[in-house]
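Peer 1: Taken in order, the sequence shown gives residues 1 to 360; the numbers are from UniProt numbering.
Beta carbons are placed, not taken as given, at the ideal position from N, Cα and C, and that holds for glycine.
The structure follows.
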Amino acid sequence: MCNVCGCGDNQIEHVNADHHHDHPHDHHHGHHHEHPHSHSHVAAHQENPQPVIVHHHYHHQGDVHHHHYHYPDPSSQHQSQQQHTHSHDHHHAHPHDHSHTHSHGHSHEEHHDHQHAHELTPEQSAHGDLHYGKGEAETHVAGVSQRKLIEIEMDVLSKNNHLASHNREHFDQANQLVLNLVSSPGSGKTTLLTETLKRIQQSDRACAVIEGDQQTTNDADRIRETGVDAIQVNTGKGCHLDAKMVHDACHQLGLEQDGLLFIENVGNLVCPASFDLGEKYKVAILSVTEGEDKPLKYPNMFAASQLMIINKIDLLPYVAFDVEACIENARKVNPYIQVLKLSATTGEGMEAWLDWLNNA
1 MCNVCGCGDN QIEHVNADHH HDHPHDHHHG HHHEHPHSHS HVAAHQENPQ PVIVHHHYHH
61 QGDVHHHHYH YPDPSSQHQS QQQHTHSHDH HHAHPHDHSH THSHGHSHEE HHDHQHAHEL
121 TPEQSAHGDL HYGKGEAETH VAGVSQRKLI EIEMDVLSKN NHLASHNREH FDQANQLVLN
181 LVSSPGSGKT TLLTETLKRI QQSDRACAVI EGDQQTTNDA DRIRETGVDA IQVNTGKGCH
241 LDAKMVHDAC HQLGLEQDGL LFIENVGNLV CPASFDLGEK YKVAILSVTE GEDKPLKYPN
301 MFAASQLMII NKIDLLPYVA FDVEACIENA RKVNPYIQVL KLSATTGEGM EAWLDWLNNA
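Now the structure itself:
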């Protein structure tokens with residue numbers, strides 16, 4: 001949805017990368033001088049490795065294109081990223097106050113924005129369609145450069161991933177199965193969850209639920225009516241849950257050893273795809289009322305999920321929905337995604353879902 005909050009299907013990796021460049025800087029502030037700047041970028045892998053942004057581009061033919069961009073880690077100290085040696089020869093006849101404006105000329109191909117907000121020009125098709133997701137950050141925010149968007153994203157996701165790893169360690173120690181249920185609003189997540197819990201309660205397996213929404217406790221109230229403990233997490237303007245929210249909610253729930261934790265994320269097919277919560281599996285739920293092209297329109301979510309549930313199949317006689325085309329589209333972006341078809345309302349296909357849970 002937006003790289004301002006770190007959202008986007010970008011993986012952060014670390015590599016060694018040393019490079020050196022010299023370029024002149026012109027300074028204009030009432031007097032003129034030129035001096036060479038020698039930038040020695042030290043990417044010492046043994047201390048502060050440089051992250052690489054890996055972008056995945058999905059195409060309707062199922063091809064996945066990877067683009068790698070090398071950027072310094074914004075969480076590292078500036079001194080460990082760059083060593084600048086400046087040779088300045090200033091001759092001023094009198095003290096004065098002045099402001100500096102810089103014009104940078106670069107002869108090399110590496111991109112440097114030096115915190116300037118270079119606007120992204122969208123790719124335009126023959127029909128005039130505008131594509132703002134073709135830049136390095138795969139998104140656009142007015143007045144913010146692609147480089148800055150990537151730095152923000154790296155900073156946010158690195159902190160979230162650290163907390164997610166902590167959550168996962170806790171879940172593994174307790175032998176708890178944790179699922180992150182993701183979908184657009186109205187796909188039937190909560191109804192599927194309540195019907196699932198009613199059936200699981202017939203066994204002795206402990207369950208708990210974390211409900212994510214922007215406002216209200218409606219869904220958590222529905223879960224609690226089944227007798228299962230639930231915590232509502234309201235995100236306000238936030239479009240997804242994050243690892244810190246899940247961490248706090250888990251400590252409120254106190255799920256037993258060997259339990260099953262369902263996390264119902266905020267209804268959104270964009271942002272939750274990028275935020276690891278510490279779960280074992282992401283489960284994407286798609287109702288037949290939404291259209292079979294959803295996996296192509298929102299590929300990041302289906303690429304990140306291990307299971308796709310096609311819900312509300314009892315409505316198939318009344319809607320134009322091609323089940324096989326939907327499955328084919330999902331496997332274009334994720335060849336390994338598993339698929340279940342069910343109706344939480346009628347119960348058709350629920351046994352296969354319960355079997356999947358038992359074997360997960």
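Can you tell me whether C207 is helix, strand or coil according to DSSP?
Peer 2: Strand.
Peer 1: Which same chain residues end up closer than 6 Å to T217 when comparing Cβ atoms and leaving out the 5 residues on each side of it in sequence?
Peer 2: Result list for T217: Q232, in chain order.
Peer 1: For K244, tell me which candidate among S165, A206, K134 and S145 has the shortest Cα-Cα distance.
Peer 2: When only C-alpha atoms are compared, the closest one is S165.
Peer 1: According to DSSP, which residues form a beta bridge with F321?
Peer 2: Beta-bridge pairing links F321 to no other residue.
Peer 1: So within the region 175–224, which uninterrupted alpha helix (DSSP H) runs reach at least 4 residues, ignoring any that extend past its ends?
Peer 2: The region 175–224 contains these whole alpha helix (DSSP H) runs: 189–200 and 218–224.
Peer 1: Whole angstroms are fine: how far does the CA of A142 sit from the CA of H84?
Peer 2: Because the pLDDT at H84 is just 44, under 50, the model does not fix this residue reliably, and the point stays unresolved.
Peer 1: According to DSSP, simplified to helix, strand and coil, what is S125?
Peer 2: If DSSP states are grouped into helix, strand and coil, S125 belongs with coil.
Peer 1: Shortest alpha-carbon distance to A360 belongs to which of E211, L261 and E195?
Peer 2: Among E211, L261 and E195, the Cα nearest to that of A360 is on L261.
Peer 1: Go ahead and pull the three-state DSSP assignment for Y336.
Peer 2: Y336 falls in the coil class under three-state DSSP.
Peer 1: Near A304, which residues of its chain fall below 6 Å by C-beta distance, leaving aside the five closest residues on each side in sequence?
Peer 2: Cβ neighbours of A304 beyond the five flanking positions: A273 and K282.
Peer 1: Assign T190 to one of two classes, buried (16 or more other C-beta atoms within 10 Å of its C-beta) or exposed (fewer than that).
Peer 2: Buried, because 16 or more other Cβ atoms sit within 10 Å of the Cβ of T190.
Peer 1: Taking only three categories from DSSP, how would you classify H131?
Peer 2: Looking at H131 - three-state DSSP - the assignment turns out to be strand.
Peer 1: On the DSSP bridge assignment, give the partners of Y298 in chain order.
Peer 2: None, per the DSSP bridge assignment.
Peer 1: What does the alpha-carbon distance come out to for the pair E151 and A208?
Peer 2: For E151 and A208, the distance between alpha carbons rounds to 36 Å.
Peer 1: Enumerate in chain order the residues of its own chain whose CB-to-CB distance from A206 is below 6 Å, with the five nearest sequence positions on each side excluded.
Peer 2: Around A206: E256 and G259.
Peer 1: Would you kindly check if the distance between the Cβ of N329 and the Cβ of L296 is under 7 Å?
Peer 2: Result yes, Cβ atoms of L296 and N329 sit closer than 7 Å.
Peer 1: Between which two residues does the alpha helix (DSSP H) holding E264 run?
Peer 2: No alpha helix (DSSP H) holds E264; the beta strand (DSSP E) holding it covers L260 to E264.
Peer 1: Round the Cβ separation of residue 444 and A249 to the nearest angstrom and send it over; I've been treating them as touching at under 8 Å.
Peer 2: Nothing about residue 444 can be reported from this structure: the residues present for the chain run from 1 to 360 only.
Peer 1: State the start and end residues of the unbroken alpha helix (DSSP H) segment that holds Q257.
Peer 2: No alpha helix (DSSP H) contains Q257, which DSSP labels as neither H nor E.
Peer 1: With a Cβ-Cβ cutoff of 7 Å, do G278 and R168 count as a contact?
Peer 2: The answer is yes: Cβ separation under 7 Å.
Peer 1: From P299 to H170, what does the alpha carbon distance come to, in whole angstroms?
Peer 2: Straight-line Cα distance between these residues: approximately 30 Å.
Peer 1: Output the boundary residues of the alpha helix (DSSP H) element that contains A352.
Peer 2: Where A352 is concerned, the enclosing alpha helix (DSSP H) stretches over M350 to N359.
Peer 1: Out of Q201, L181, T196 and V228, which one is the CA nearest neighbour of D213?
Peer 2: Ranking the options by Cα distance to D213, first place goes to L181.
Peer 1: Please determine, among V266, P335, G291 and A352, the residue with the shortest C-alpha to C-alpha distance to L342.
Peer 2: Considering only alpha carbons, the answer is A352.
Peer 1: Distance, Cα to Cα, I310 vs L192?
Peer 2: Answer to the nearest angstrom: the Cα atoms are 11 Å apart.
Peer 1: Which partner residues does L286 have in the DSSP bridge list?
Peer 2: According to DSSP, L286 bridges with I310.
Peer 1: Which residues in the same chain as N334 place their Cβ atom closer than 6 Å to its Cβ, once the five residues preceding and following it in sequence are excluded?
Peer 2: Taken in chain order, the residues that qualify are F302 and A303.
Peer 1: So what does K341 bridge to, in DSSP terms?
Peer 2: BP columns for K341 point to I310.
Peer 1: Please state whether DSSP places H114 in a helix, a strand or coil.
Peer 2: At H114, the pLDDT of 46 sits below 50, so the modelled position is not reliable; the number obtained from the coordinates is stated separately. DSSP places H114 in coil when its eight states are reduced to three.
Peer 1: Could you check what DSSP says for A243 in three-state terms: helix, strand or coil?
Peer 2: A243: helix per DSSP, three-state reduction.
Peer 1: Suppose the cutoff is 8 Å on Cβ atoms and the five residues either side in sequence are ignored; what does the same chain contact list for H131 look like?
Peer 2: Cβ within range, chain order: P122, E123, Q124 and S125.
Peer 1: Beta-carbon within less than 7 Å of E161's beta-carbon, same chain only, minus the 5 sequence neighbours each way: which residues are those?
Peer 2: Note that residue 161 is Asn in the sequence shown here, rather than Glu. Contacts found: D276.
Peer 1: Once DSSP output is grouped into helix, strand and coil, what is the label at V141?
Peer 2: It is a strand residue.
Peer 1: If I measure Cβ to Cβ from E292 and keep anything under 8 Å in the same chain, skipping five residues before and after, which residues do I get?
Peer 2: The answer, listed in chain order, is F321, D322, V323, A325, C326 and N329.
Peer 1: Could you work out which residue in C271, K159, E264 and Q202 is closest to G238 when comparing CA atoms only?
Peer 2: With distances taken between Cα atoms, G238 lies closest to C271.
Peer 1: Between the C-alpha atoms of T194 and V266, what's the straight-line distance to the nearest angstrom?
Peer 2: About 17 Å.
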